[in-house]
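What follows is the structure, given as structure tokens:
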């Protein structure tokens with residue numbers, strides 16, 4: 001029982017918003033298929049941005065309101081890409097190439113500023129965001145067309161100076177990442193795998209270490225898997241870019257079972273050692289239950305109604321793995337040390353300022369890519385508004401998941417995105433049902449976004465505070 | 001280190017100091033607080049505070065070759081390690097992570113070969129194995145995967161040492177007052193370990209206030225006073241009295257010699273009944289005490305037995321339970337500040353934590369409590385109140401003179417004072433409240449003999465001239481016995497015995513051990 005209590009106590013923010021979500025869904029009476037479809041679109045759209053917030057938290061710099069600056073880097077790249085007329089995945093790649101150096105440079109600048117005001121990074125980030133917004137407006141309203149000659153009726157205000165309020169991305173960048181078919185991703189992944197293994201082998205030979213069996217398996221497996229994709233049935237399945245949620249869930253359940261079977265095989269037969277079978281069996285059992293659940297009518301309806309953009313989701317999953325992998329490196333450990341105590345880090349010979357700048361660069365760069373994903377999905381680019389709320393919304397989502405200024409994990413980020421956006425989807429309708437006024441529903445939505453930040457910060461402060469009042473002492 | 005000079009903002013703190021340590025030698029560095037020991041060590045470590053304030057003059061040499069150390073990681077590269085007084089450990093990390101901080105073992109990966117070594121993955125198993133070896137070497141029997149946050153204070157010190165030992169090629173190890181926070185048995189174990197490390201050919205600089213330790217364990221000693229090197233000598237050629245004399249520069253006598261006058265008064269100033277306090281590490285489990293008016297009452301006992309909890313409980317800083325009467329009136333224990341309002345002032349043992357506002361001036365520190373509790377030092381304009389700057393300044397100057405607080409002026413920040421002077425500021429602040437009862441917790445912890453004597457003498461004077469009731473809580477029995485009328489010894493959260501100061505040593509010893 002105390003364990004259960006602890007579990008509830010540690011997750012009370014997420015639990016509260018979970019209940020709120022259920023309540024709002026119930027009141028709004030939207031069809032669940034609609035909510036699910038919207039939700040999965042929004043996870044793909046915003047998930048990357050929220051995950052970009054984790055590293056600064058780790059490095060003790062709090063919630064990075066400075067991700068607005070990363071978003072600005074992305075938008076500069078998007079403007080030029082659209083202006084030069086590149087479209088589809090080519091356009092998206094060009095955006096990546098253009099925005100990456102800009103974001104790294106901006107991240108470095110932000111990191112420098114944050115090092116000058118240690119302990120006040122959050123407020124500094126917020127204000128820097130506003131400042132950067134000012135420069136951004138100057139650039140887009142005056143420099144483009146005013147100093148740099150740009151001629152394009154669709155992009156430039158009729159006077160010839162300044163960029164129009166909205167840029168339509170339909171027909172050039174819209175869905176440029178979402179629409180990359182699975183087959184292509186697979187080809188790229190196999191090529192990368194092949195090259196990496198090859199490179200490893202070459203490096204090994206250069207250091208007079210012959211490549212091991214793993215290396216040969218890698219080199220051999222890549223072409224074989226590649227050949228498999230030419231089987232017609234597989235080819236048609238893979239050449240689509242959207243995956244039915246049902247298939248995704250089934251694949252995930254299959255993966256869980258396969259992974260647990262492999263663990264049993266590895267720990268019991270290949271390298272026999274003390275290994276309890278309880279955990280893997282429970283997992284396999286859960287997967288089986290999950291499989292039966294997919295057959296229940298309403299759930300099946302939802303699973304059949306949602307199609308997720310595979311490539312975007314792969315990017316998000318990849319970022320989760322990146323965050324986890326970074327923790328296991330020397331750099332990640334340095335960041336944790338700096339986050340816990342700068343004095344200790346300094347005495348241990350860790351270059352505190354440099355570590356913090358690297359954390360900032362990574363976060364800004366990820367935020368920049370996150371904004372690219374967001375823009376290509378939403379399809380219209382509001383030149384002067386797309387970046388302004390980015391920081392607040394991403395941070396609100398992270399906080400709703402139960403993260404705090406000092407601690408944030410992948411899990412909390414994902415849960416946060418799900419809860420926050422569910423609330424966002426159903427809030428207007430719920431407001432309308434409750435107050436019988438659509439306008440009030442809109443207000444309700446804004447109220448939710450900002451209220452969320454305030455409530456979760458307050459709840460975390462609550463969790464920390466212990467009152468010194470009299471209480472029975474055990475003797 | 002040769003001819004080291006350093007000044008902070010035109011204020012010289014080190015004048016041509018030379019310090020030499022041979023491999024395998026335990027070299028003690030002694031001196032009053034503010035003599036320049038910490039600054040000297042900061043220079044040795046290339047701490048940013050030195051280079052941020054204009055560097056220093058002189059030369060650091062290792063094995064006869066001059067070297068430049070302008071960042072801590074360079075000091076580490078040269079094989080210099082430090083065991084800090086205020087544990088440089090990260091509570092949220094495991095013992096292994098703390099031992100290996102900044103020096104993690106890692107395996108190369110593809111990315112690290114292309115980019116930088118920082119992307120290598122950590123070899124957690126090897127790290128744990130190394131940590132285990134280091135822990136075994138110093139004879140510490142704990143698991144390497146526990147979090148440091150849960151360890152007792154003594155163990156933390158050993159984890160620090162394990163960390164330094166684990167560094168390969170370590171040539172010089174600095175121990176900065178390692179025994180200050182340890183119990184006697186822990187301290188002894190630590191010093192034995194220090195000898196063991198020295199035998200391996202590692203030079204040791206041993207900074208301490210306890211001259212007994214110097215005499216017993218060090219080979220040679222350097223004495224600093226006011227930023228100057230007074231003497232460097234082998235320990236066997238000198239004596240404890242001589243070192244103490246040179247440290248202070250004036251003739252010392254042991255603390256205060258006074259015969260407490262016997263009290264006739266029977267009026268009870270402070271009374272505790274079945275008093276419990278929940279202070280982590282210092283639990284109080286049911287105490288009954290009556291303290292008479294005009295008395296100097298000592299509370300002694302070993303660390304962790306609960307003597308510190310009493311004061312923190314009365315002041316409302318820790319959760320407490322039971323009854324406390326001040327001149328017969330019951331104190332509301334649930335309300336923070338109730339004790340202050342009823343005329344009790346407190347000098348905390350945690351100077352830097354709750355005793356002082358480190359970033360504020362001495363002047364503000366002095367009048368702060370009085371402003372909030374008694375609305376002193378304010379100009380009352382009916383609608384609102386303003387800070388009475390002139391009155392506060394006058395008071396601060398008076399206190400600085402009275403207690404001989406060594407500072408550049410009342411506007412200096414309290415955090416930049418040396419330990420002894422910080423303690424004087426704490427005391428002065430408590431006195432600003434004009435208390436009827438003064439509780440002083442560990443008044444002489446971490447301060448030098450000169451300041452110690454001054455503080456104790458002043459307490460005595462307060463008692464004699466103003467009849468102030470004073471409660472002294474201290475780990476140093478000598479101090480209590482030279483000052484107090486009665487001494488209560490606390491063991492296991494309860495009063496073991498109340499003794500007269502002239503009771504035989506054996507009785508004190510027995511009371512402390514709880515029998």
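Protein chains in written order, with our numbering: chain A, 1 to 475; chain B, 1 to 515. Note that the Cβ used here is the ideal one computed from N, Cα and C, for glycine as well.
Residue nearest to residue 182 of chain A in terms of C-alpha spacing, selected from A/134, A/109, A/310, A/293 | Out of A/134, A/109, A/310, A/293, the CA that lies nearest to the CA of residue 182 of chain A is found in A/310.
In whole angstroms, what separates the C-alpha of residue 458 of chain A from that of residue 387 of chain A?
-> 26 angstroms
Quick one, which residues of the region 99-111 of chain B are near chain A if we go by CB-CB under 7 angstroms, in chain order?
-> 101, 102, 104, 106, 110
Do residue 142 of chain B and residue 161 of chain B have their C-beta atoms closer together than 8 angstroms?
-> Cβ distance not < 8 angstroms, so residue 142 of chain B and residue 161 of chain B don't count as in contact.
Do three or more CB pairs link the region 227-239 of chain B to the region 204-212 of chain B at distances below 8 angstroms?
-> The region 227-239 of chain B is not in contact with the region 204-212 of chain B.
Please go through the same chain and pick out, in chain order, the residues whose beta-carbon is closer than 6 angstroms to the beta-carbon of residue 298 of chain B, but skip the five residues on each side of it.
-> 472, 480, 484, 487
Indicate whether residue 129 of chain A and residue 391 of chain A have their beta-carbon atoms separated by less than 8 angstroms.
-> yes
Since residue 351 of chain B is in the beta strand (DSSP E), which residue starts that stretch and which ends it?
-> No beta strand (DSSP E) contains residue 351 of chain B, which DSSP labels as neither H nor E.
Please check if any C-beta of chain C sits within less than 8 angstroms of the C-beta of residue 399 of chain B.
-> Considering every chain present, this structure includes no chain C. Its protein chains are A and B.
Would you tell me roughly how many angstroms separate the C-alpha atoms of residue 66 of chain A and residue 112 of chain A, rounded to the nearest one?
-> If you take the alpha carbons of residue 66 of chain A and residue 112 of chain A, they lie about 12 angstroms apart.
Give the DSSP-derived three-state secondary structure of residue 20 of chain B in the structure shown.
-> coil
Residues of its chain near residue 17 of chain A, where Cβ-Cβ distance is below 6 angstroms and the 5 sequence neighbours each way are ignored | 400, 419
Ordered along the chain, which non-local residues of its own chain (more than five positions away) have a Cβ less than 8 angstroms from that of residue 348 of chain A?
-> 337
Residue interval of the beta strand (DSSP E) (run including residue 139 of chain A) = No beta strand (DSSP E) holds residue 139 of chain A; DSSP gives it neither H nor E.
Cβ of residue 264 of chain A within 8 angstroms of Cβ of residue 280 of chain A?
-> yes
Write down every uninterrupted run of the beta strand (DSSP E) in the region 156-228 of chain B whose length is 3 residues or greater and which is fully enclosed by it, in chain order.
-> DSSP runs (the beta strand (DSSP E)) wholly in the region 156-228 of chain B: 172-176, 203-207, 220-225.
Based on the DSSP output, what are the partners of residue 380 of chain B in its beta bridges?
-> B/385
Can you tell me the Cβ-Cβ gap for residue 376 of chain A and residue 92 of chain A, rounded? I've got them flagged as a contact below 8 angstroms.
-> 6 angstroms
Can you have a look at residue 346 of chain A and say buried or exposed, based on whether 16 or more other CB atoms are within 10 angstroms of its CB?
-> buried
Test: residue 350 of chain A CB closer than 8 angstroms to a CB of chain B | yes
Could you tell me if residue 517 of chain B is buried or exposed, where buried requires 16 or more neighbouring beta carbons within 10 angstroms of its beta carbon?
-> A query on residue 517 of chain B cannot be resolved here, the shown segment of chain B reaching from 1 to 515 and no further.
Taking just the CA atoms, how far does residue 59 of chain A sit from residue 120 of chain A?
-> 14 angstroms
Roughly how many whole angstroms lie between the Cα atoms of residue 107 of chain A and residue 72 of chain A?
-> 11 angstroms
Measure the alpha-carbon distance for residue 163 of chain B versus residue 148 of chain B and round it to whole angstroms.
-> 13 angstroms
Environment of residue 474 of chain B [buried if 16+ CB atoms lie within 10 Å] | buried
With distances taken from CA atoms, which of A/242, A/131, A/98 is nearest residue 178 of chain A?
-> A/242
Would a check of beta-carbon distances place residue 364 of chain A closer than 8 angstroms to chain B?
-> Taking Cβ atoms only, chain B never reaches closer than 8 angstroms to residue 364 of chain A, which makes this a no.
Beta-carbon spacing of residue 88 of chain A, residue 176 of chain A below 8 angstroms = yes
Consult DSSP for residue 318 of chain B and reduce its assignment to one of helix, strand or coil.
-> coil
May I ask you to list, following chain order, the residues of the region 367-385 of chain B that have a beta carbon less than 7 angstroms from some beta carbon of chain A?
-> Across the region 367-385 of chain B, no CB contact with chain A closer than 7 angstroms is found for any residue.
To the nearest whole angstrom, what separates the beta carbons of residue 314 of chain B and residue 439 of chain B, a pair I think is in contact under 8 angstroms?
-> 7 angstroms
Which class does residue 485 of chain B belong to by DSSP, given the choice of helix, strand or coil?
-> coil
With distances taken Cα to Cα, identify the nearest neighbour of residue 415 of chain A among A/300, A/9, A/43.
-> A/43
Name the DSSP beta bridge partners of residue 347 of chain A, please?
-> In DSSP, residue 347 of chain A forms no bridge with anything.
Could you give the residue range of the alpha helix (DSSP H) that holds residue 318 of chain A?
-> Taken as a continuous stretch (DSSP letters only), the alpha helix (DSSP H) holding residue 318 of chain A covers 310-327.
Is the Cβ of residue 121 of chain B closer than 8 angstroms to any Cβ of chain A?
-> yes
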